[in-house]
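K.L.:
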Amino acid sequence: MKLHYFKNAQKCALEVDLIDSHIENMKHIHAQLNLDSLKPGKAQKKKEDNLIKQLRCSMQLLRNCLFQNEECKMTALKAHLVPVLHSLWPWLLIDDSSMQIALHLLCVYTANYPAGCASLCWASGQLSLPSARSAAGSSLMHNILKLASQVSNDNSPVQQVVFCLLSNLALSHDCKGIIQKSNFLQNFLSLSLPKGSHKNPGNVSTLWLKLLLNISFGEDGQQMIMKINGFLDQIVEMCKYKHKSSQHLALLILHNICFSPTNKPKILANDKAIAVLSACLESDSHAVQRIGAASLWALLHNYQKAKVTLKNPSIRRRIDEAYSLVKKSKSSN
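Heads up, the sequence shown is in our numbering, so the first residue is 3 and it goes up one at a time.
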């Protein structure tokens with residue numbers, strides 16, 4: 003029932019142009035903030051605080067309007083939501099609370115909306131919007147990557163939301179292209195992994211794994227992450243952790259990169275990677291067995307050298323056994 007009322011509220015928001023008016027309000031707030039910054043003093047500081055409160059309120063309301071509603075997202079796109087946020091970026095950088103709200107808004111806006119993701123890649127100067135042209139940098143996507151690099155290992159609230167946003171954007175071809183051209187993914191190698199497989203890798207590792215999993219869904223992403231020198235060794239180590247959530251994510255990433263023909267020789271040449279996938283076949287978990295078997299089958303498919311590398315008949319037999327077990331468990335359910 004609540005969802006019904008929520009959808010009705012979103013419909014009303016469209017009918018009364020609420021989205022357009024709040025984005026317009028954000029433009030005015032940006033202009034006023036810039037103007038007031040030229041007049042220092044206690045009175046101006048109080049005025050600035052009030053403007054920031056108004057900005058937060060507008061962003062929170064927009065987030066609710068856009069939640070799982072493509073028509074509302076399209077309206078926000080046409081009203082230049084992204085260029086407006088880009089122009090406000092310098093102000094958001096100096097206030098973590100406002101930045102979190104802005105990032106939450108962008109998470110909602112980009113979720114399952116490819117056009118919204120692509121709009122973050124536009125250079126702000128390409129749009130005929132005065133406030134957007136004043137923003138530094140070429141696109142909001144570049145600014146988000148810069149912010150994510152600064153907080154990549156600090157386990158802060160901003161870090162959690164910016165990684166959530168990047169996980170959405172990683173599914174977009176345009177955004178993936180910008181990620182590839184940046185050095186952002188190199189930060190993954192600087193993760194300090196706990197010693198001992200029984201220890202929890204921590205929230206930061208989980209955020210990275212969720213992002214890399216989304217990147218690895220396409221072949222371009224599978225090749226991109228394998229170009230990071232040391233990536234395969236790092237992900238193989240993370241596959242060994244007993245923490246179920248982290249291990250499962252790491253195994254899925256390893257599984258995905260096995261499907262790229264370009265990656266197969268590198269994976270097959272890595273004894274630790276093959277050992278991890280082979281060990282999956284002996285797991286008590288049917289899900290882990292399935293991932294291991296599918297990964298090894300992917301390496302074998304249309305690749306003669308893999309058949310030589312995995313010539314051990316026991317591995318082939320265990321792959322078949324794992325698939326049989328999975329089929330039995332599915333039919334019994």
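We put the beta carbon where it would ideally sit given N, CA and C, even for glycine.
Would you call ALA137 buried or exposed, if buried means 16 or more other Cβ atoms sit within 10 Å of its Cβ?
P.N.:
Your numbering for residue 137 matches position 135 in the sequence shown. Residue placement at ALA137 is flagged as unreliable, the pLDDT there being 40, under the threshold of 50; the coordinate-derived value follows with that caveat. By the neighbour-count rule (16 or more Cβ atoms within 10 Å), ALA137 is buried.
K.L.:
Rounded to a whole number of angstroms, what is the C-alpha to C-alpha distance between GLN162 and GLN46?
P.N.:
Sequence index remark: in the sequence shown, residue 162 carries index 160 (1-based). Sequence index remark: in the sequence shown, residue 46 carries index 44 (1-based). Taking the straight line joining both Cα atoms gives about 33 Å.
K.L.:
Give the range of the alpha helix (DSSP H) segment to which ASN205 is assigned.
P.N.:
Along the sequence shown, one-based indexing puts residue 205 at 203. Start and end: 205-217.
K.L.:
Based on Cα-Cα distance, which residue from LEU254, ARG65, ASN27 and LEU53 lies nearest to LEU35?
P.N.:
To locate residue 35, count along the sequence shown from 1; it is residue 33. Measuring from the Cα of LEU35, the nearest candidate turns out to be LEU53.
K.L.:
Quick check: LEU173 and ASN145, are their CB atoms within less than 8 Å of each other?
P.N.:
Position 171 of the sequence shown, counted from the first residue, corresponds to residue 173. Position 143 of the sequence shown, counted from the first residue, corresponds to residue 145. Going by C-beta atoms, LEU173 is not nearer than 8 Å to ASN145.
K.L.:
If you follow the alpha helix (DSSP H) that GLY294 is in, where does it begin and where does it stop?
P.N.:
By one-based count along the sequence shown, residue 294 stands at place 292. Looking at the DSSP string, the run of the alpha helix (DSSP H) that includes GLY294 is 288-302.
K.L.:
Please classify LEU194: does DSSP put it in a helix, a strand, or coil?
P.N.:
Translated into positions along the sequence shown, residue 194 becomes position 192. The sequence given here has Ser at residue 194, not Leu. Under the three-state reduction of DSSP output, SER194 falls in the coil class, being neither helix nor strand.
K.L.:
Report the rounded CA-to-CA distance for PRO267 versus ALA275, giving the unit in angstroms.
P.N.:
For the purposes of this step, residue 267 is taken as residue 265 along the sequence shown, with counting starting at 1. For the purposes of this step, residue 275 is taken as residue 273 along the sequence shown, with counting starting at 1. Straight-line Cα distance between these residues: approximately 12 Å.
K.L.:
I need the boundaries of the alpha helix (DSSP H) containing GLU239, first residue and last residue.
P.N.:
Numbered from 1 along the sequence shown, position 237 holds the residue referred to as residue 239. Where GLU239 is concerned, the enclosing alpha helix (DSSP H) stretches over 233-241.
K.L.:
Which whole-angstrom value describes the C-beta separation of CYS109 and LEU57, a residue pair presumed to lie in contact below a C-beta threshold of 8 Å?
P.N.:
Translated into positions along the sequence shown, residue 109 becomes position 107. Translated into positions along the sequence shown, residue 57 becomes position 55. Beta-carbon to beta-carbon, CYS109 and LEU57 are separated by about 17 Å, too far to satisfy the 8 Å threshold.
K.L.:
Can you have a look at ALA271 and say buried or exposed, based on whether 16 or more other CB atoms are within 10 angstroms of its CB?
P.N.:
As a working mapping, residue 271 is identified with position 269 in the sequence shown. Flag for ALA271 reads exposed.
K.L.:
On the three-state DSSP scale, how would you describe SER154?
P.N.:
Here residue 154 corresponds to residue number 152 of the sequence shown, with the count starting at 1. Note: SER154 maps to coil in three-state DSSP.
K.L.:
Any idea if CYS14 is buried or exposed, counting beta-carbon neighbours within 10 angstroms, 16 or more meaning buried?
P.N.:
Reading the sequence shown from its first residue, position 12 is the one you call residue 14. When all chains shown are included, CYS14 counts as exposed.
K.L.:
On the three-state DSSP scale, how would you describe SER23?
P.N.:
Locating residue 23 in the sequence shown gives position 21, where the first residue counts as 1. In the structure shown, SER23 falls within a helical segment according to DSSP collapsed to helix, strand and coil.
K.L.:
What I want to know is whether the C-beta of VAL160 ends up closer than 7 Å to one or more non-hydrogen atoms of the ligand ZN.
P.N.:
The ligand ZN is absent from the structure shown, which contains no ligands of any kind.
K.L.:
Give me the Cα-Cα distance between VAL290 and SER280, rounded to the nearest whole angstrom.
P.N.:
Position 288 of the sequence shown, counting from 1, holds the residue named residue 290. Position 278 of the sequence shown, counting from 1, holds the residue named residue 280. Rounded to whole angstroms, VAL290 to SER280 spans 11 Å at the Cα level.
K.L.:
Under 8 Å Cβ to Cβ from LEU195, same chain only, skipping five residues before and after it: list those, please.
P.N.:
Within the sequence shown, numbered from 1, the residue matching residue 195 stands at position 193. Taken in chain order, the residues that qualify are PRO203, SER207, GLN236, GLU239 and MET240.
K.L.:
According to DSSP, is ARG135 part of a helix, a strand, or is it coil?
P.N.:
For the purposes of this step, residue 135 is identified with residue 133 of the sequence shown, where counting begins at 1. Its pLDDT being 34, under 50, ARG135 is placed unreliably in this model, and the coordinates cannot settle the point.
K.L.:
Assuming ALA252 and LEU191 are in contact, meaning their beta carbons sit under 8 Å apart, how far apart are those beta carbons, in whole angstroms?
P.N.:
The residue given as residue 252 occupies position 250 in the sequence shown. The residue given as residue 191 occupies position 189 in the sequence shown. With 8 Å as the limit, ALA252 and LEU191 do not qualify as a contact, their Cβ atoms being about 14 Å apart.
K.L.:
Taking the C-alpha atoms as reference points, what is the distance between LEU16 and ASN189?
P.N.:
Mapped onto the sequence shown, residue 16 falls at position 14. Mapped onto the sequence shown, residue 189 falls at position 187. Approximately 41 Å, taken between the alpha carbons.
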